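**Student:**
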Amino acid sequence: MSTERYWERTTCRICGSADLLTYMDFGEMPVATAFKKPGEADDERIPLAVNLCRVCGLSQLGVVVEPSYIFSPNYPYSTSVSTTFRDHCSQMAASLKEVFGGQEGLKVLDVGSNDGCLLKEFLKQGYECIGVDPAETVVEKARAEGIESICAFWDSRVAGDVVSRKGKMDVVTATNVFAHLDDVHGFLESVGRAMSNDGVFVMEASYAKNLLDYNEFDIILHEHLSYYLVSPLERLFSLHDMRISNVEEFEKIHGGSLRITAIKSSNKRIPVREQGVGGYLQREREKGLLNPERYLRLERSAAMIRQETRELIDRIKARGETVAGYGAPVKGNTFVNYCGLTEKDLPFIVDDTKDKQGLLYAGTNIPIVSSDALAEEPPQYLLILAWNFADEIMRKTRSFSEAGGKYLIAIPKPRVVERAYL
Ligand code: TMP
């Protein structure tokens with residue numbers, strides 16, 4: 538089926554196979570990025586289900602929503618709010634310099650550069666930087682920080698523009714961009730065009746292993762078209778005459794992220810960590826990550842989490858106590874809608890991102906507010922929807938817990954936390 542808003546994808550976006558298995562089906566869900574203004578009606582719900590390609594192991598949505606519905610004008614995603622993420626960006630800039638033997642004056646292009654969070658760290662370490670991002674508001678923020686930025690969707694024309702401004706790039710980065718891509722092949726071809734023959738391409742994406750191991754079903758949303766393992770990525774790069782030179786894992790980023798460094802096959806300058814890459818491919822096979830049975834368990838775990846979360850919240854409410862949310866990430870929207878939570882369960886959700894305050898979660902009437910609400914209407918519990926930042930959020934809300942407040946964290950398993958990590 539296909540409508541103006543979305544179309545069905547019946548073949549694998551990496552290998553083209555039609556041998557797809559649906560393993561997590563949410564039915565129809567609101568588009569999680571469609572934050573609403575008060576009084577605005579909800580958009581039409583759209584089917585949300587994930588398919589596993591039995592040939593290459595890529596997990597991918599069965600539908601592709603038109604990008605204009607995903608990147609709505611109200612979508613206020615801005616990366617720089619988290620210090621965890623800032624530190625991660627700084628580490629990346631330093632470690633890439635090492636890969637190039639400490640060479641000065643390296644040129645870096647960040648595709649999906651957002652507000653310049655990553656490039657700011659590269660700039661501090663002496664790189665020459667340029668970013669590309671399609672969202673006007675975040676591009677303006679990056680420019681205000683002195684980061685040269687092109688406002689456009691990444692394609693071969695923009696790659697040509699970058700090369701004519703700066704020459705070929707030593708480093709091309711794309712962090713948390715691959716999950717959003719339908720045409721991964723076109724994207725990589727354009728990367729190849731902008732990158733020097735001795736350059737590196739660095740991508741980061743949530744690791745689908747963690748989706749399964751830690752029941753992170755809420756990271757599934759219309760915006761995230763694919764959920765990656767190393768195995769399908771190895772196939773993807775080989776189709777573009779590239780190879781993976783290094784794989785790293787970061788547990789704290791987006792619920793567990795992969796950082797893949799890839800080079801052109803002819804590149805003899807950058808060392809290839811054969812054993813490390815081979816180890817990932819072997820472990821993915823051994824741990825059943827290419828086995829459909831392993832995937833079918835996720836839907837059962839998600840249903841358990843929904844039931845236990847509802848029971849916990851119902852018990853708290855029955856005692857006359859209240860639960861508010863903390864962190865309004867897009868994944869929290871999947872969580873809230875899947876669990877059927879409304880403003881009667883969560884009267885508000887606190888988020889420190891100014892642009893999100895005053896909006897409502899799609900499909901609900903739950904308002905997103907500033908942390909002032911914690912003093913004005915103190916709840917007894919905070920459901921941490923941004924569970925990947927749980928430690929940071931608990932540190933930040935120390936006074937809430939010192940006054941007796943408790944935290945609920947639902948992923949990988951619903952639990953109450955009483956200042957355990959402070
Ligand atoms: P993300 O996981 O998609 O980056 O979203 C995390 C959300 O949590 C984002 O909306 C910002 C919010 N957040 C806070 O409001 N306060 C915090 O201290 C942190 C770490 C995150």
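Numbers in our numbering are just positions in the sequence shown, counted from 1, shifted up by 537. We treat Cβ as the ideally placed atom computed from N, Cα and C, and that holds for glycine. Predicted, not measured: the structure shown is a model, and the values here were computed from it.
#1: By alpha-carbon positions, which one of Thr798, Gly792, Gly793 ends up nearest to Ile781?
#2: So, at 6 Å on beta carbons, what are the nonlocal neighbours of Gly638 in its own chain, with the 5 sequence-adjacent residues on each side left out?
#3: For Arg796, which of helix, strand or coil comes out of DSSP?
#4: Rounded to the nearest angstrom, what separates Val669 and Glu845 at their Cα positions?
#5: Restricting to Cα atoms, I'd like to know which of Ser803, Val699, Ser907, Cys626 is closest to Phe787.
#6: What are the residues that DSSP puts in a beta bridge with Arg780?
#7: Looking at the secondary structure, which residues open and close the alpha helix (DSSP H) in which Ile853 lies?
#8: Under 6 Å: does the beta carbon of Lys933 sit that close to some heavy atom of ligand 2?
#9: Relative to the C-alpha of Arg852, which candidate in Val953, Pro575, Asn651 has its C-alpha closest?
#10: According to the Cβ coordinates, are Gly653 and Ile684 closer than 7 Å?
#11: Go through its chain and collect everything with a Cβ distance to Leu818's Cβ below 8 Å, but skip five positions before and after it.
#12: I'd like to check one pair, Val699 with Leu656: are the Cβ atoms closer than 7 Å?
#13: Can you tell me whether Ser936 is helix, strand or coil according to DSSP?
#14: Please report how far the alpha carbon of Glu848 lies from the alpha carbon of Phe754, in whole angstroms.
#15: For Ser596, collect the residues of the same chain with a Cβ closer than 6 Å to its Cβ; drop the 5 residues on either side in sequence, then sort them by chain order.
#16: According to the neighbour-count rule (16 or more other Cβ atoms, all chains shown, within 10 Å of its Cβ), is Asn713 buried or exposed?
#17: Below 6 Å, is the gap between the Cβ of Glu929 and the nearest heavy atom of ligand 1?
#18: Using CA atoms only, rank isn't needed, just tell me which of Arg822, Leu922, Gln662, Ala742 is closest to Leu762.
#19: Compute the Euclidean distance between the alpha carbons of Leu795 and Ala855, then round it to the nearest angstrom.
#20: Closest to Leu558 by CA distance: which of Lys574, Ile551, Gly594, Tyr543 is it?
#21: Can you give me the start and stop residues for the alpha helix (DSSP H) that Phe715 sits inside?
#22: Assign Asn651 to one of two classes, buried (16 or more other C-beta atoms within 10 Å of its C-beta) or exposed (fewer than that).
#23: CA-CA distance, Phe965 and Gly792?
#24: Check whether the Cβ atoms of Ala630 and Thr871 lie closer than 7 Å to each other.
#25: Given this structure, state the Cα-to-Cα distance separating Gly862 from Asp778, to the nearest angstrom.
#26: Beta-carbon within less than 6 Å of Ile800's beta-carbon, same chain only, minus the 5 sequence neighbours each way: which residues are those?
#27: In whole angstroms, give me the CA-to-CA distance for Met566 and Tyr664.
#28: Note down, in chain order, each residue of its chain lying with its Cβ closer than 7 Å to the Cβ of Val784, except the 5 sequence neighbours on either side.
#29: If you measure from the CB of Ser701, is any heavy atom of ligand 1 nearer than 6 Å?
#30: Shortest alpha-carbon distance to Met965 belongs to which of Glu641, Asp562, Ala947?
#31: Could you tell me if the beta carbon of Pro949 falls within a distance shorter than 6 Å of some heavy atom in ligand 1?
#32: State yes or no: is the C-beta of Phe926 nearer than 6 Å to some heavy atom of ligand 1?
#33: I think Asn752 touches Leu835, with their Cβ atoms under 8 Å apart; what is that distance to the nearest whole Å?
#34: Could you tell me the boundaries of the beta strand (DSSP E) in which Ala571 lies?
#35: Arg550 lies in the alpha helix (DSSP H); which residues open and close that run?
#36: Got a sec? Which residues, its chain only, sit under 7 Å from Arg843 by beta carbon, not counting five neighbours each side?
**Tutor:** The structure says:
#1: For Ile781, the nearest C-alpha among the options comes from Thr798.
#2: Excluding sequence neighbours, Gly638 sits near nothing in its chain.
#3: Arg796 falls in the strand class under three-state DSSP.
#4: Cα-Cα distance, rounded: 43 Å.
#5: Measuring C-alpha to C-alpha distances from Phe787 to each of Ser803, Val699, Ser907, Cys626 identifies Cys626 as the nearest.
#6: Among the bridge pairs identified by DSSP, Arg780 is matched with Ile800.
#7: It spans 829-855 - the alpha helix (DSSP H) in which Ile853 sits, taken as one unbroken run.
#8: No copy of ligand 2 appears in this structure; the ligands present are ligand 1.
#9: Of all alpha-carbon atoms in Val953, Pro575, Asn651, the one lying nearest the alpha-carbon of Arg852 is that of Val953.
#10: Remark: C-beta atoms of Gly653 and Ile684 approach each other more closely than 7 Å.
#11: Excluding its 5 nearest sequence neighbours in each direction, Leu818 has C-beta neighbours in its own chain below 8 Å: Val767, Ser768, Glu771, listed in chain order.
#12: No; because the gap between Cβ atoms is not below 7 Å, this pair is not in contact.
#13: Of the three classes helix, strand and coil, the one that applies to Ser936 here is helix, per DSSP.
#14: Approximately 19 Å between the Cα atoms of the pair.
#15: Spatial neighbours of Ser596 in its own chain (CB-CB distance under 6 Å, excluding positions within 5 residues in sequence) are listed in chain order as Val587, Leu589, Ala745, Tyr764.
#16: Answer is buried; the Cβ neighbour count reaches 16.
#17: The answer is yes for Glu929.
#18: Among Arg822, Leu922, Gln662, Ala742, the Cα nearest to that of Leu762 is on Ala742.
#19: Computed Cα separation, rounded: 42 Å.
#20: When only C-alpha atoms are compared, the closest one is Gly594.
#21: Phe715: not part of any alpha helix (DSSP H); DSSP gives it neither H nor E.
#22: In the assembly as shown, Asn651 is a buried residue. Its beta-carbon has 16 or more other beta-carbons within 10 Å.
#23: Shown here, the chain extends from 538 to 959; a query on residue 965 therefore has no answer.
#24: One thing to note: Ala630 has its Cβ no nearer than 7 Å to the Cβ of Thr871.
#25: Going by the C-alpha atoms only, they are around 46 Å apart.
#26: Cβ contact annotation for Ile800 (same chain, cutoff 6 Å, sequence separation greater than five): Val737, Ser782, Ile807, in chain order.
#27: Those two C-alpha atoms are separated by around 43 Å.
#28: If we look at Val784 and ignore the five residues flanking it on each side, its Cβ neighbours are Val767, Leu795, Ile797, Gly813, Val814, Tyr817.
#29: In terms of side-chain proximity, the C-beta atom of Ser701 is found no nearer than 6 Å to any non-hydrogen atom of ligand 1.
#30: Residue 965 is absent from the model: the chain starts at 538 and stops at 959.
#31: Checking every heavy atom of ligand 1 against the Cβ of Pro949, none is found closer than 6 Å.
#32: Yes, the beta carbon of Phe926 sits closer than 6 Å to at least one heavy atom of ligand 1.
#33: Asn752 to Leu835, Cβ: 7 Å. Contact.
#34: Following the DSSP letters along the chain, one finds Ala571 in no beta strand (DSSP E), marked with neither H nor E.
#35: Run containing Arg550: none; DSSP gives neither H nor E here.
#36: Closer than 7 Å at Cβ, skipping near neighbours: Tyr875, Cys876.
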